[in-house]
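In terms of full-length UniProt numbering, the numbers along the sequence shown are unbroken and rise by one, the last being 546.
Yeah, the Cβ is synthetic: ideal placement off N, Cα and C, and Gly gets one too.
From a predicted model like this one, the values you see are computed outputs, not experimental measurements.
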Amino acid sequence: MEGEEDKRWSTGLGCLRGQRATTVVDRWLSSLEAEILIFGDGVAGYGFQPCDFWSKEGIWLCAVLFAFDYEASSPKARVEQSPCSCGAGPISRSSLGQRFLISSHSSIQVKHAMTMTEKILARVSEKSHLEPGENVWVNVDVLMTHDVGGPGTIGIFKKEFGQNARVWDHEKIVIIPDHYIFTSDERANRNVDILRDFCLEQNIKYFYDIKGLSNFKANPDYKGVCHIALAQEGHCRPGEVLLGTDSHTCNAGAFGQFATGIGNTDAGFVMGTGKLLLKAAIVLGPSHFKAVECSDDGFKPSIGKEPADLFGIVPPTLRFVLDGEMPNYLLAKDLILQIIGEITVAGATYKSMEFVGSTIQGLNMEERMTLCNMAVEAGGKNGVVPADEVTFKYLEDKTSENYEPVYSDDNARFIGEYRIDVSKVEPLVAKPHSPDNRALARECKDVKIDRVYIGSCTGGKTEDFLAAAKVFLASGKKVKVPTFLVPATQKVWMDIYSLPVPGSGGKTCSQIFEEAGCDTPTSPSCGACLGGPRDTYARMNEPQAS
1 MEGEEDKRWS
11 TGLGCLRGQR
21 ATTVVDRWLS
31 SLEAEILIFG
41 DGVAGYGFQP
51 CDFWSKEGIW
61 LCAVLFAFDY
71 EASSPKARVE
81 QSPCSCGAGP
91 ISRSSLGQRF
101 LISSHSSIQV
111 KHAMTMTEKI
121 LARVSEKSHL
131 EPGENVWVNV
141 DVLMTHDVGG
151 PGTIGIFKKE
161 FGQNARVWDH
171 EKIVIIPDHY
181 IFTSDERANR
191 NVDILRDFCL
201 EQNIKYFYDI
211 KGLSNFKANP
221 DYKGVCHIAL
231 AQEGHCRPGE
241 VLLGTDSHTC
251 NAGAFGQFAT
261 GIGNTDAGFV
271 MGTGKLLLKA
281 AIVLGPSHFK
291 AVECSDDGFK
301 PSIGKEPADL
311 FGIVPPTLRF
321 VLDGEMPNYL
331 LAKDLILQII
341 GEITVAGATY
351 KSMEFVGSTI
361 QGLNMEERMT
371 LCNMAVEAGG
381 KNGVVPADEV
391 TFKYLEDKTS
401 ENYEPVYSDD
411 NARFIGEYRI
421 DVSKVEPLVA
431 KPHSPDNRAL
441 ARECKDVKID
451 RVYIGSCTGG
461 KTEDFLAAAK
471 VFLASGKKVK
481 VPTFLVPATQ
491 KVWMDIYSLP
501 VPGSGGKTCS
511 QIFEEAGCDT
521 PTSPSCGACL
531 GGPRDTYARM
541 NEPQAS
């Protein structure tokens, strides 16, 4: 028995001999700085049960703590303790923040520290943790589509699941017409008809319809831009997964949830099943390694997969720490342009962007939305802000659904971290033809402006119009070029006409805009952003376009 124990447990990089069980596990906890989960066999008090590798003096175990060099895609170990007498080698610890426990006893696993995004994906895939490169089936909490993506999604759903198929959950699908709404174009109007017919057929609970195009105010169900409407109507909740057929669905990450855009094919599948296959967040685990072989001349790790396969594409997390007092002349748009200017439009490709710091805590929900909204402009898979009292306060009168916020572990591994002192940031612009073509606003003072457009899911919220009104109020001048105002939603439109602008003596945004000679605030929608039919903002230079 003793010889068998030796043979069984000497196959490790580090060996703990003659230790009581609790001491062994305590040492692991200390070394790993992570929680150890025990499945199956184990020691009393830690879930262990007696088995044939026990001895009278305690147990003989070999624990392998494996450090992985992500950049070189090769394993490496660092000596932090002297080798034990069995010759198996020293206990090693990763210096990269991600720690692993590997043992020849397959019932012992480590619960890895995770980021917010990783935790959310683990929850909705019903896993305690995620493995590297693993594709996970996630259970979707909310699916959103609109008049551009919706008809295609519906067509795919019916083609693949059948003309009489029912959606997986009529209360978890949100359909919001918003792109090509206020137009006489028959094809654009037909798209909304398709949505309306489908919602009636499927008894979709959350369909924000519009029928009378001549007066949007006569349509109380109509909301406006989907991303802002999702928030205002309580569909954005911490800890959940929200998918939408629009690249700026990542806007909802401001609420501490995983939100990302998907295509019509994926959306059609979600519509029928409530599930989607997503690439896992980054976390490496023991299942990708075999036992380390022990020999007289050291150790030889045996990897279960080739390095190229082992390090499949996974969405790791970039962390952005923003601290300092934010000057009153800055908006969150300046902050995200600063970030994109630093990392470029490809800098966060298939990565999660997590925004934290004292500055973030001081932002209201609309400003947080701006940050997360533009994660996709950096190539990001999603953007996310930890939920806090600001989040909970915003949601108080918007949803009665239960939700469970999650937060990154203190020792979670981030693939990169950027720190920004916002007190040193100046007003910024993105010059043509890329969001990362960053420039200081003062450097562009001689650039001739032809038109001004205030709107969109990024810049058409109440906070954006209040900021614009303050600028007009302070200047006391009239605009010299056409200045178009397109509120994102009906609520924003009402705020423009009702909320007093601080420091204005009670004037509303609409009054200040009128005095400055701006255009009258128009119907809430996506407006110019995605182009559109010839009678929309986006085609005003092409009156004959068809």
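Check                                                                                                                                                          : Outcome
Does the beta-carbon distance from Asn-373 to Asn-251 come in below 8 Å?                                                                                       : yes
Using a Cβ-Cβ cut-off of 7 Å (strictly less than) and excluding sequence neighbours within five positions of Asn-264, which residues of its own chain qualify? : Gly-149, Gly-152, Thr-153, Ile-156 and Thr-245
Under the three-state reduction of DSSP, which class applies to Ile-282: helix, strand or coil?                                                                : For Ile-282, the predicted model reports a pLDDT of 37, less than 50, meaning its position is unreliable and no value from the coordinates is stated.
Are the stretch 486-499 and the stretch 389-404 touching, with three or more C-beta to C-beta distances below 8 Å?                                             : no
Looking only at its own chain, which residues have a Cβ that is under 6 Å from the Cβ of Phe-484, when we skip the five neighbours before and after it?        : Tyr-453 and Asp-519
Return helix, strand or coil for Gly-224, following the three-state DSSP convention.                                                                           : strand
Between which two residues does the beta strand (DSSP E) carrying Arg-190 extend?                                                                              : Segment 186-202 is the alpha helix (DSSP H) holding Arg-190; no beta strand (DSSP E) there.
Round the Cβ separation of Gln-257 and Glu-233 to the nearest angstrom and send it over; I've been treating them as touching at under 8 Å.                     : Going by Cβ atoms, the distance from Gln-257 to Glu-233 rounds to 15 Å, so no, they are not a contact pair.
Strictly by DSSP, which residues pair up with Asn-382?                                                                                                         : Ser-352
Go to Leu-322, then tell me how far its beta strand (DSSP E) extends in each direction, as first and last residue.                                             : 317-323
Cβ of Ser-475 within 7 Å of any heavy atom in the ligand COA?                                                                                                  : Ligands in the displayed structure: none, and consequently the ligand COA is not present.
To the nearest angstrom, how far is the alpha carbon of Gly-531 from that of Phe-513?                                                                          : 25 Å
Considering only DSSP beta bridges, list what Phe-207 is partnered with.                                                                                       : Ile-175
Going by DSSP, name the residue or residues bridged to Trp-168.                                                                                                : Per DSSP, none; premise fails for Trp-168.
With which residues is Lys-275 paired in a DSSP beta bridge?                                                                                                   : Asn-139
For Phe-513, name the three-state secondary structure that DSSP assigns.                                                                                       : helix
Check each candidate in Met-116, Leu-195, Trp-137 and Lys-159 and name the one with the smallest Cα separation from His-146.                                   : Leu-195
Roughly how many whole angstroms lie between the Cα atoms of Thr-391 and Phe-355?                                                                              : 14 Å
When we look at the beta-carbon of Ala-88 and count the other beta-carbons within 10 Å, is it buried (16 or more) or exposed?                                  : Residue confidence for Ala-88 is low, a pLDDT of 35 falling below 50, so the modelled location carries little weight and cannot support an answer.
Can you tell me whether Gly-416 is buried or exposed? The criterion is at least 16 other CB atoms within 10 Å of its CB, across all chains shown.              : exposed
Nearest to Glu-366 by alpha carbon, out of Ile-336, Pro-432, Cys-509 and Ala-332?                                                                              : Ala-332
What separation, rounded to the nearest whole angstrom, lies between the Cα atoms of Asp-464 and Lys-470?                                                      : 10 Å
If we call anything under 8 Å between Cβ atoms a contact, is Ser-523 one with Phe-198?                                                                         : no
What did DSSP end up calling Met-116 once you bin it into helix, strand or coil?                                                                               : helix
Among the residues of its own chain, which have a CB less than 6 Å from the CB of Glu-426, if the five just before and after it don't count?                   : Leu-440
Under three-state DSSP, which class holds Pro-533?                                                                                                             : coil
Compare the beta carbon distance of Gly-347 and Ala-378 with 8 Å and say whether it is the shorter of the two.                                                 : yes
To the nearest angstrom, how far is it from the Cα of Arg-187 to the Cα of Ala-267?                                                                            : 22 Å
Helix, strand or coil: how does DSSP classify His-433 here?                                                                                                    : coil
Can you name, in chain order, every residue of its own chain whose Cβ lies under 8 Å from the Cβ of Gly-476, other than the five neighbours on each side?      : none
Which residue comes first and which comes last in the alpha helix (DSSP H) that contains Glu-160?                                                              : 150-161
Can you give me the C-alpha to C-alpha distance between Tyr-208 and Gly-503, rounded to a whole angstrom?                                                      : 36 Å
Distance check for Lys-431 and Pro-533, CA to CA, integer angstroms please.                                                                                    : 26 Å
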